[in-house]
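Take a look at the structure below.
There are 2 protein chains.
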Amino acid sequence: MIPCAKCKKVETLMKAGFVRGKQRYYCKKCDYYFTLPSTDKKTERRKRHQTTIIDIAQELGVSNSTVSRALHNHPDINAETRKAILDKAQELDYQPNQLAHSLVKSRTNTVGIIVPEFLTQFFPNVIVGAQLILRQAGYNLMIMQSGESYETEVANTKALLANRVDGLLVSMSHETNNYDHFRTFEKKDIPLVYFNRVIEGLGTHKVVADDFQGAFTAVEHLIQNGYRRIAHLGGPPNLLISQERERGYREALKKYNLPALPELIIHGDFTAQKAAIYGKHLLDLSEPPDAIFAVNDPTAIEILTLAKAKGVRVPEELGVVGFSDDPIALYIGNGLTTVKQPTAQIGEAAAAMVLGMMRGEEEAFTPKTTVLEAELVVRGSSVRK
Amino acid sequence: MIPCAKCKKVETLMKAGFVRGKQRYYCKKCDYYFTLPSTDKKTERRKRHQTTIIDIAQELGVSNSTVSRALHNHPDINAETRKAILDKAQELDYQPNQLAHSLVKSRTNTVGIIVPEFLTQFFPNVIVGAQLILRQAGYNLMIMQSGESYETEVANTKALLANRVDGLLVSMSHETNNYDHFRTFEKKDIPLVYFNRVIEGLGTHKVVADDFQGAFTAVEHLIQNGYRRIAHLGGPPNLLISQERERGYREALKKYNLPALPELIIHGDFTAQKAAIYGKHLLDLSEPPDAIFAVNDPTAIEILTLAKAKGVRVPEELGVVGFSDDPIALYIGNGLTTVKQPTAQIGEAAAAMVLGMMRGEEEAFTPKTTVLEAELVVRGSSVRK
DNA sequence: AACGTAATCGCAAACGTTACCGATACATAA
DNA sequence: TTATGTATCGGTAACGTTTGCGATTACGTT
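Read top to bottom, the protein sequences are chains A and B.
To convert a position in the first sequence, counted from 1, into the working numbering, add 9.
To convert a position in the second sequence, counted from 1, into the working numbering, add 9.
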């Protein structure tokens, strides 16, 4: 009863096994194998779905191109039809499908940002600044946090790449020593701007606070307040931010003919955990420092806590200066002297940079570095009364 | 010399004006207008683009479906071809286009989260918790902040909708009184979970800390430490979080037969700014309170600052309890007594909820509310020595 | 030798939008 | 009239992936 798919004869046909659970037939005459096409139920439009441009078009009996034009006020459209379409869109609660849009335009209007953490105030503030600039330029911000882990940082870049971000802002985790995952962006010509945590040698734009000047001013301040045996609890040595702050520290000492003692310079990793260990080490030294310049506020705060526990009086016996002006700095003890960075401006500057790059305002590409001023905020932890 | 597009005759043809800068022709015989098809240059593949599945397919001389299968270890594929494809993918630095994938699957593997701000520690912590759970389930998190503005909150929902998130976590801005933008999600069957800042009546899942119990315990603690004239500097009255904390405050007073004095209950908006105004008002009262239960830590911190400036001794003359255990609480003065919320767990619980909903584990939909314990952390601001 | 079946792979239709062109109906100028 | 613009609108390839199903080979099995 089944006719051959080619010659339509029934008599020459025979069953010929199964394929994927369906009966297969073989026509001896045509020497042709085939299976019966499934009785295609002509599946009516999937039940639930966001309303599309096509839904609007069908309801109004126009083509989808017309609808598309209406929604983007293209000149080639009649005012009345546009109104009808806009009304219908409103009625059906149409939301454009950004995915489809991005796919065809191969632009997502999204830039990614990777930060090491957002438990201190620094990065959230940067993000707010960046978001401000980007939003008013019509861009969305996709926020990722690496949690100071190289692995997740790589995973983050992968995800952002998969989501085809148009640009990227990065502050590196202190774990990263390999930068291939960032080079990928350069290779694909995706604008990339580093901020705060940057390394040297990567030929890209950077936005940083003036770490050197900030550190120099901070240490000079300590010296001018009578501290002489000043230690530095630094950051990961691979990051420029650590290098610059240490350089500022060293230069300040040099200016006042003070020695930079190796035993008073320790590299941590920005975390309070490590700071506690190294800080304790410093305070327990047979000849302890009379001041500590910490690479960041969490470190400085840990030192203040240690000093309090040990009964070391601040600022009389120990001067402490931090870096970044964490809100806690204002409230802890008599206040923590710290170097204030223009957090929001860092975000804004970085955002402005990618914007420029994405708009292709670049002639020849020359890596530019924006340095924003850092300001010393003097509080109780560094001024002997 | 130009033949008619229909009848191919040359003699019946004549020029007939221009359309969009191109010469138009008219065949008198056929009564047919037309323009010459542009000499389609067969534009070779656009220069720069991320490598696609097709690039791999072409390089290897296989079809793109084969490549797709290889990349998802589909059974229908030879081990060798798979290896070849995988190698080539590596070589070409292939990154799957999430957009195209999402478009066809109509699933983005992304959930959105809207928070009012991330300048206090609370929301970042929640985000970290949520991200943890979602990431290991293969989902990305799209973070938005409303900045406590209704307008941007609406804009945020629009953006998330346009990006077709599979689910949404929301903590509302204190400005929002209209919830239509959230109802859209319910209407489109997009899983939605509120956390922390929720309102009543919305038939959806919620995750909150036990605000009532936390507040009750806090105020009871104040009473047990001898405070009698306890004020409450509350939050926006439309939010359940404010209502519950106020209820806890009132119930605790009631338990000890203390009156809830209207002049000692003021509603702020969570911000330090308003807290400064209302706090000053309270302290300047002819008969000032001997303790203040603040709706959150920024408010409490502002009160401590005001008290210090005014010379009111804490905790002797004024007991203060906050809510949320901001890091500052540990360091300010002799420490701020506060109610600690399980921030990360809130994020985790909320994330787990959307996950469940997205996986369609729901039978009939019954709004579920998860309440997580809040714990009183006693510090110096509330214990008279 | 003839058939049954598993292993592979290609085709092509979606997904929702955009944009280039072609194609009309009129309005207008010659 | 008649040739020429103009104002609108439809058709249809892309964009990069997934997937159902058809097709082809290669091998066992009777």
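The C-beta atom is built at its ideal place from N, Cα and C for all residues, glycine as well.
Contact the stretch 252-261 of chain B vs the stretch 320-331 of chain B: 3+ CB pairs below 8 Å:
The stretch 252-261 of chain B is not in contact with the stretch 320-331 of chain B.
At 7 Å on the CB atoms, spell out the chain B contacts of Gln130 (chain A), in chain order.
Position 121 of the first sequence, counting from 1, holds the residue named residue 130 (chain A). The CB of Gln130 (chain A) comes closer than 7 Å to the CB of Leu128 in chain B, given here in chain order.
Within 7 Å of chain B by C-beta, residues of the stretch 322-341 of chain A in sequence order
Hits within the stretch, in order: Pro336, Ile337, Tyr340 and Ile341.
Mind pulling the alpha helix (DSSP H) runs of 4 or more residues that sit fully within the stretch 186-248 of chain A?
When DSSP assignments are scanned along the stretch 186-248 of chain A, the uninterrupted stretches of alpha helix (DSSP H) that are 4 or more residues long and fall wholly within it turn out to be 189-196 and 220-233.
Is it buried or exposed, Glu357 (chain B), if we count other Cβ atoms within 10 angstroms and call 16 or more buried?
Walking along the second sequence from the start, residue 357 (chain B) turns up at place 348. Glu357 (chain B) is buried by the Cβ-count criterion.
Of all the CB atoms in chain A, is at least one closer than 8 Å to the CB of Thr52 (chain B)?
Numbered from its first residue, the second sequence carries residue 52 (chain B) at position 43. Low confidence applies to Thr52 (chain B): its pLDDT is 42, below 50, so where it sits in the model is not reliable, and the reading given next is rough at best. It does not: the Cβ of Thr52 (chain B) has no partner Cβ on chain A nearer than 8 Å.
Identify whether Lys51 (chain A) lies in helix, strand or coil by the three-state DSSP scheme.
Mapped onto the first sequence, residue 51 (chain A) falls at position 42. Only weak support exists for where Lys51 (chain A) lies, its pLDDT of 36 falling under 50; the coordinates are left without a value.
At what residue ranges does the stretch 304-339 of chain A contain a whole run of the alpha helix (DSSP H), taking only runs of 4 or more?
The qualifying runs are 306-319.
Can you tell me which residues form a DSSP beta bridge with Phe302 (chain A)?
Counted from its first residue, the first sequence places residue 302 (chain A) at position 293. Phe302 (chain A) is bridged to A:His241 and A:Val330.
Just the Cα atoms here: how many angstroms apart are Thr213 (chain B) and Lys114 (chain B)?
Taking the first residue of the second sequence as position 1, residue 213 (chain B) is located at position 204. Taking the first residue of the second sequence as position 1, residue 114 (chain B) is located at position 105. The straight-line gap from Cα to Cα measures roughly 26 Å.
Gly328 (chain A) to Asn343 (chain B), Cα distance in whole Å?
As a first step, residue 328 (chain A) is located in the first sequence; it is residue number 319 there, counting from the start. As a first step, residue 343 (chain B) is located in the second sequence; it is residue number 334 there, counting from the start. If I take the Cα positions, the gap works out to 21 Å.
Using a C-beta to C-beta distance shorter than 9 Å, which residues of chain A count as neighbours of Met362 (chain B)?
Residue mapping note: residue 362 (chain B) aligns to position 353 of the second sequence, counting from 1. Residues of chain A whose Cβ lies closer than 9 Å to the Cβ of Met362 (chain B) do not exist; the shortest such Cβ separation is about 21 Å.
Please check if any C-beta of chain A sits within less than 8 Å of the C-beta of Met151 (chain B).
Taking the first residue of the second sequence as 1, we reach residue 151 (chain B) at position 142. Yes, contact with chain A.
For Lys167 (chain A), go through chain B and note every residue whose CB falls closer than 8 Å to its CB, in chain order.
Your numbering for residue 167 (chain A) matches position 158 in the first sequence. Among the residues of chain B, those whose CB is under 8 Å from the CB of Lys167 (chain A) are Gln104, following chain order.
What are the boundary residues of the alpha helix (DSSP H) that Val113 (chain B) is part of?
Position 104 of the second sequence holds residue 113 (chain B). Residue range Gln107 to Lys114 is occupied by the alpha helix (DSSP H) that includes Val113 (chain B).
Let me see if you follow: with CB-CB separation under 8 Å, is Thr193 (chain B) close to chain A or not?
For this step, residue 193 (chain B) is matched to residue 184 along the second sequence. Output row for Thr193 (chain B): interface = yes.
Going along chain A, which residues have a C-beta under 7 Å from Arg33 (chain B)?
As a working note, residue 33 (chain B) is residue 24 in the second sequence. The contacting residues do not exist; Arg33 (chain B) stays about 17 Å from chain A at best.
Based on the DSSP output, what are the partners of Leu273 (chain B) in its beta bridges?
One-based indexing of the second sequence puts residue 273 (chain B) at position 264. When beta bridges are read from the DSSP output, Leu273 (chain B) appears opposite no residue.
Candidates B:Glu325, B:Ile341 and B:Leu211: closest to Thr314 (chain B) by CA position
Counted from its first residue, the second sequence places residue 314 (chain B) at position 305. The shortest Cα separation from Thr314 (chain B) among B:Glu325, B:Ile341 and B:Leu211 belongs to B:Ile341.
Taking beta-carbon pairs under 8 Å, can you tell me which members of the stretch 174-201 of chain A lie near chain B?
Of all residues in the stretch 174-201 of chain A, only Thr193, Lys196, Lys197 and Asp198 come within less than 8 Å of chain B when Cβ atoms are compared, listed by chain position.
How should His58 (chain A) be labelled, buried or exposed, when 16 other C-beta atoms within 10 angstroms of its C-beta is the threshold for buried?
What you label residue 58 (chain A) is simply residue 49 of the first sequence in a count that begins at 1. Its Cβ having fewer than 16 others within 10 Å, His58 (chain A) is exposed.
Just checking: is the beta-carbon of Leu80 (chain B) within a distance shorter than 8 Å of some beta-carbon in chain A?
Along the second sequence, read from residue 1 onward, the residue named residue 80 (chain B) stands at position 71. Chain A, which has no Cβ nearer than 8 Å to the Cβ of Leu80 (chain B), makes this no.
Of all the residues that make up the stretch 88-115 of chain B, which are near chain A by a beta-carbon distance shorter than 9 Å?
Answer set for the stretch 88-115 of chain B: Asp102, Gln104, Pro105, Asn106, Gln107, Leu108, Ala109, His110, Ser111, Leu112 and Ser115.
Nearest residue (CA-CA) to Pro200 (chain A), options A:Ala269, A:Thr226, A:Phe225 and A:Arg368:
Here residue 200 (chain A) refers to the residue found at position 191 of the first sequence. Between Pro200 (chain A) and the set A:Ala269, A:Thr226, A:Phe225 and A:Arg368, the nearest pair of CA atoms involves A:Arg368.
Would Ala109 (chain B) and Leu112 (chain A) qualify as a contact pair, given that the criterion is a beta-carbon distance under 8 Å?
Locating residue 109 (chain B) in the second sequence gives position 100, where the first residue counts as 1. Locating residue 112 (chain A) in the first sequence gives position 103, where the first residue counts as 1. Contact flag set, yes.
Measuring only between beta-carbons, confirm whether Asn172 (chain A) sits less than 8 Å from chain B.
Along the first sequence, read from residue 1 onward, the residue named residue 172 (chain A) stands at position 163. Yes, Asn172 (chain A) lies at the interface with chain B (some Cβ there is under 8 Å from its Cβ).
Relative to the C-alpha of Glu272 (chain A), which candidate in A:Ser391, A:Asn266 and A:Leu292 has its C-alpha closest?
Counting from one through the first sequence, the residue named residue 272 (chain A) turns up at place 263. Here the closest residue by C-alpha is A:Leu292.
One or two residues paired with Lys349 (chain A) in a DSSP bridge:
Taking the first sequence and counting its residues from 1, one reaches residue 349 (chain A) at position 340. Per DSSP, A:Glu384.
Whose CA, out of B:Tyr42, B:Arg388 and B:Gln222, lies closest to the CA of Thr21 (chain B)?
Locating residue 21 (chain B) in the second sequence gives position 12, counting from the first residue. Checked all of B:Tyr42, B:Arg388 and B:Gln222; the closest Cα to Thr21 (chain B) is B:Tyr42.
Assigned secondary structure, Ser391 (chain B) (DSSP; H/G/I helix, E/B strand, else coil):
Translated into the one-based positions of the second sequence, residue 391 (chain B) becomes position 382. Secondary structure of Ser391 (chain B) (DSSP, three-state): helix.
From the DSSP output, in three-state form, read off Asn118 (chain B) for me.
If you number the second sequence from 1, residue 118 (chain B) lands on position 109. Coil.
Decide if Pro376 (chain A) is buried, meaning its Cβ has at least 16 other Cβ atoms within 10 Å, or exposed.
Along the first sequence, one-based indexing puts residue 376 (chain A) at 367. Here Pro376 (chain A) is exposed: its Cβ has fewer than 16 other Cβ atoms, across all protein chains shown, within 10 Å.
For the pair the stretch 221-236 of chain A and the stretch 190-197 of chain A, tell me if three or more CB-CB distances fall below 8 Å.
Verdict: no, contact absent.
Nearest CA to the CA of Glu126 (chain A): which residue from A:Thr161, A:Ile310, A:Gly156 and A:Leu150?
Within the first sequence, the letter at position 117 stands for residue 126 (chain A). Distance check between Glu126 (chain A) and each of A:Thr161, A:Ile310, A:Gly156 and A:Leu150 places A:Gly156 closest, using alpha-carbon atoms only.
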